[in-house]
Each structure stands twice: as structure tokens, then as C-alpha cells.
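Residue numbers (this note's numbering): 5 to 159. Ideal placement from N, C-alpha and C gives every residue a C-beta, glycine not left out. Working notes, beginning with the structure itself.
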């Protein structure tokens, strides 16, 4: 079996998508929506850069798993010219990457998300302590109580 490749979709009469090929154009789940939102759809290198950044930093592990499940071993069809970079190249890499590499990426992402969730919980806990405390000034003042500007004044 040969390596999966990128195919350029065409609107010409009689053109049919080859066997073992999946369309990765918009508005489908694998289309490059990120470049459209960022206004880079007319600049292929920039569009691919933005898409790769989204895949690496934002895309969920579930989406990445779906890419692997649905696209592994498949040719990918997009409208981009074959001599230009395309988000389908990124999808081909992700779909056909060794499983161990993907598991490492997912575990790193899960660890980062768990750390973010712990930090969010810590901040929420601090907020509850401040709101429920005796005084906002005591909870937020960087100075010890005796050196606070209003220390010693009676109200």
C-alpha cells in the first residue's frame, strides 16, 4: 500500500474523487476554518501556519483522535494547488503519525490542561476566601496589618 497523498479537488466536468480519498474542505469537520476566521485563506503558507498552530495548541484530543480514526491511510482532497502548502498536509502528518508520538502529544496536552484546571480552581478558591472574609483590605493588602495605611485609625 502506498503512502497517502494530497489530491487537488476540481470542478471540471467528469472529474471524480479517486477511491480511498476523503474531502477535507470547508464546511466539513476537517476544513481549515481557522484561516478563514483569521483572514489568511488567500495566503496559503500563512493559512497552513495558522492551522498547524491551532492543531498543536488548541485542537482537542478528541478531534485529533477523530482525525486519526477517519483519515489514517486515506488520500486527502482539498482545493489548494498541489504546488502550494495546504492544511491537508498537516492532516496527513497527524493522521499517519506513529501512535506513540500521538499518545505523547495527547498526554502532554492532558497534563497541561490538568495544570490549568488546578490553577483555575486555586484562583476560584482564593476568590471565595476574599468574598467570604472579614474584610477585603485584609485579604488583598500586600502590607502587614500594622503598616497598612489605615492601621491605627478608628472608624
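query, result
"C-beta contact flag for residue 63 and residue 52 at 9 Å", "no"
"Same chain, Cβ closer than 7 Å to residue 85, five either side skipped, listed in chain order", "12"
"9 Å Cβ cutoff met for residue 94 and residue 56", "yes"
"Expected contact under 8 Å - CB spacing of residue 98 and residue 68 to nearest Å", "6 Å"
"Continuous alpha helix (DSSP H) stretch holding residue 79: start and end", "Here residue 79 belongs to no alpha helix (DSSP H); instead the beta strand (DSSP E) covers 79-82."
"Residue range of the alpha helix (DSSP H) that includes residue 11", "Careful: residue 11 lies outside any alpha helix (DSSP H), inside the beta strand (DSSP E) at 10-12."
"Euclidean distance between Cα positions of residue 9 and residue 58", "22 Å"
"Any chain C beta carbon closer than 9 Å to residue 64", "You won't find chain C in this structure, because it holds only one protein chain."
"Run of the alpha helix (DSSP H) containing residue 59, from where it starts to where it stops", "48-61"
"Whole-angstrom distance between residue 92 and residue 25, CA atom to CA atom", "12 Å"
"DSSP-derived helix/strand/coil call for residue 38", "helix"
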